[in-house]
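K.L.:
Let me give you the structure first, and then I'll get to my questions.
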Amino acid sequence: MNHAAIIESPGHLIGPAVLNDPVRNKGTAFTEGERQRFCVEGLLPPSEESIERQVERVLGHLEAKPTGLERYIYLTELSGRNETLFYRTVMSDPMRFIPILYDPTVAEACIMPGRVNPTQAEALTTIAVQVMANDVAVGFGGAGGCLEMNVYKPLMIANIAHSIGILTDECTNLRKFRIEGTQPNRKKISEYVNRSLILVTALAPVIGYDKASTIAHHALEQDLTLKEAALQLGFVDEQTFDRVVDPVKMVEPYVATTAAKQ
0 MNHAAIIESP GHLIGPAVLN DPVRNKGTAF TEGERQRFCV EGLLPPSEES IERQVERVLG
60 HLEAKPTGLE RYIYLTELSG RNETLFYRTV MSDPMRFIPI LYDPTVAEAC IMPGRVNPTQ
120 AEALTTIAVQ VMANDVAVGF GGAGGCLEMN VYKPLMIANI AHSIGILTDE CTNLRKFRIE
180 GTQPNRKKIS EYVNRSLILV TALAPVIGYD KASTIAHHAL EQDLTLKEAA LQLGFVDEQT
240 FDRVVDPVKM VEPYVATTAA KQ
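Next up, the structure:
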């Protein structure tokens, strides 16, 4: 991998922006000339360290991690701050690191005691990513071809059929194992609705924007429902609040009138 090519790619980042870009950052492997050119002098340790030496240091840190899960977390964090070092580390021993980055380490995290995972939701999002990847290949294939023959058609057909198949299976599983039998927690839903500050907008036409805003701020600061805050401040009585702040009415176009105060 040509590190200079990575650093000098379009973007012209300098200073901390270079170090915060995981693609362009290569840590202490910046040469003295590169540090001057990209204005990172003083932002890195003064000694220059080759990428090979950095890989050795990363391997030492990984050896100190007692579990595969901790090594997975370390490598994931590394990829977020220095992709060059991350890929050099992984490619130094792919047979060792690929199983850490993928299964079974991730599976180990999913079955940890006391952990509850929305498995069907995760499966659906995973399949959605795969379908999008298939679509990218189909798009490139559709744009390709030589003269009057498109040799990518088998790929396009295979990817479309694959997407249809996995979406069909997952929709069936989602219905069977996630949707059917699900019951709403009406008590919790009611609690969330009653504590929603956005409902205060219904009061604005009746008591004015300033008072309605004051109610919302008071409810937030004192951890109260809107009704409790409105009654404490005395801007509206209980009967008026119940008439005006009606979430059922607010799901459709609705503007309370001052007649509600009567």
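The opening residue of the sequence shown carries number 0 in numbering that gives the first Met the number 0; numbering runs sequentially from there.
For each residue, glycine too, the CB sits at the ideal point set by N, CA and C.
Nothing here was measured: the structure is a model prediction, and the numbers come from that model.
So the candidates are L84, T75, L61 and Y151; which of them puts its Cα closest to the Cα of R23?
P.N.:
Start at 1 with the first residue of the sequence shown, and residue 23 comes out as number 24. It is L84 whose Cα lies nearest to the Cα of R23.
K.L.:
By DSSP's criteria, C38 is part of a beta bridge. Which residues make up the other side?
P.N.:
In the sequence shown, residue 38 corresponds to position 39, counting from 1. Note: C38 sits in no beta bridge, so no partner.
K.L.:
Which complete alpha helix (DSSP H) runs does the stretch 179–213 hold, if anything under 4 residues is left out?
P.N.:
185–193 and 203–206
K.L.:
Quick one: what's got a C-beta closer than 6 Å to A229's C-beta in the same chain, skipping five residues either side?
P.N.:
By 1-based counting over the sequence shown, the position of residue 229 is 230. Closer than 6 Å at Cβ, skipping near neighbours: I214, V235 and F240.
K.L.:
Shorter than 7 Å, the distance from the beta carbon of H216 to the closest heavy atom of the ligand NAD, or not?
P.N.:
Annotation note on the ligand NAD: not contained in the displayed structure, which lists no ligands.
K.L.:
Do you know how far the Cα of S212 is from the Cα of R194?
P.N.:
Working through the sequence shown from its first residue, we reach residue 194 at position 195. Working through the sequence shown from its first residue, we reach residue 212 at position 213. Computed Cα separation, rounded: 15 Å.
K.L.:
Does the distance from the C-beta atom of L123 to that of E169 stay below 8 Å?
P.N.:
Residue mapping note: residue 123 aligns to position 124 of the sequence shown, counting from 1. Residue mapping note: residue 169 aligns to position 170 of the sequence shown, counting from 1. Yes.
K.L.:
What residue ranges within the stretch 30–74 form continuous alpha helix (DSSP H) runs of no fewer than 4 residues, ordered along the chain?
P.N.:
31–36 and 50–63
K.L.:
For L77, count neighbouring Cβ atoms within 10 angstroms of its own Cβ and tell me buried if that reaches 16, exposed if not.
P.N.:
Taking the sequence shown and counting its residues from 1, the one referred to as residue 77 is at position 78. By the 10 Å Cβ count, L77 comes out buried.
K.L.:
Within the continuous alpha helix (DSSP H) that includes F234, where are the two ends?
P.N.:
Within the sequence shown, numbered from 1, the residue matching residue 234 stands at position 235. Here F234 belongs to no alpha helix (DSSP H), and DSSP marks it neither H nor E.
K.L.:
If I follow the unbroken alpha helix (DSSP H) through E82, where does it start and stop?
P.N.:
Here residue 82 refers to the residue found at position 83 when the sequence shown is read from its first residue. E82 to S91 is the span of the alpha helix (DSSP H), which, as asked, contains E82.
K.L.:
Looking at C-beta atoms only, is the number of pairs between the stretch 19–36 and the stretch 49–56 that lie closer than 8 Å three or more?
P.N.:
Pairwise C-beta distances place the stretch 19–36 in contact with the stretch 49–56, as three or more of them are shorter than 8 Å.
K.L.:
What separation, rounded to the nearest whole angstrom, lies between the Cα atoms of R36 and M90?
P.N.:
Along the sequence shown, read from residue 1 onward, the residue named residue 36 stands at position 37. Along the sequence shown, read from residue 1 onward, the residue named residue 90 stands at position 91. Using only the alpha carbons, I get a separation of about 29 Å.
K.L.:
Just mark T75 as buried or exposed, buried being the case when its beta carbon has 16 or more other beta carbons within 10 Å.
P.N.:
Numbered from 1 along the sequence shown, position 76 holds the residue referred to as residue 75. The residue in question, T75, is exposed, as its Cβ has fewer than 16 Cβ neighbours within 10 Å.
K.L.:
Near I126, what residues of its chain come up, given a Cβ to Cβ distance below 8 Å and the 5 sequence neighbours on each side ignored?
P.N.:
By one-based count along the sequence shown, residue 126 stands at place 127. Counting only Cβ-Cβ distances below 8 Å, and skipping sequence neighbours, we find I165, L166 and E169.
K.L.:
From H217 to E190, what does the alpha carbon distance come to, in whole angstroms?
P.N.:
Counting from 1 along the sequence shown, the entry for residue 217 is found at position 218. Counting from 1 along the sequence shown, the entry for residue 190 is found at position 191. H217 and E190: Cα-Cα distance of roughly 18 Å.
K.L.:
Taking 8 Å as the limit between beta carbons, can you name the residues of its chain near L58, skipping five residues before and five after?
P.N.:
Numbered from its first residue, the sequence shown carries residue 58 at position 59. Here the set comprises T88 and S91.
K.L.:
Got a sec, what are the start and stop residues for the alpha helix (DSSP H) M155 sits in?
P.N.:
Residue numbering aside, residue 155 sits at position 156 when the sequence shown is read from its first letter. Its alpha helix (DSSP H) spans residues K152 to L173.
K.L.:
Can you pull the DSSP bridge partners for V148?
P.N.:
On the sequence shown, residue 148 is found 149 positions in, with the first residue counted as 1. Checking the sequence, you will find Met at residue 148 rather than Val. C145.
K.L.:
Using a threshold of 8 Å, state whether the C-beta atoms of A255 and V199 are closer than that.
P.N.:
For the purposes of this step, residue 255 is taken as the residue at position 256 of the sequence shown. For the purposes of this step, residue 199 is taken as the residue at position 200 of the sequence shown. Contact flag unset, no.
K.L.:
I need the straight-line Cα distance from T66 to H60, nearest angstrom please.
P.N.:
On the sequence shown, residue 66 is found 67 positions in, with the first residue counted as 1. On the sequence shown, residue 60 is found 61 positions in, with the first residue counted as 1. For T66 and H60, the distance between alpha carbons rounds to 12 Å.
K.L.:
For E7, does the three-state DSSP call read helix, strand or coil?
P.N.:
Here residue 7 is taken as the residue at index 8 of the sequence shown, counted from 1. With a pLDDT of 43 at E7, under the threshold of 50, the predicted position of this residue should be treated as unreliable, and no value is reported.
K.L.:
Can you tell me the Cα-Cα spacing of I13 and N184, whole angstroms?
P.N.:
Position 14 of the sequence shown, counted from the start, is the residue given in the question as residue 13. Position 185 of the sequence shown, counted from the start, is the residue given in the question as residue 184. Taking the straight line joining both Cα atoms gives about 52 Å.
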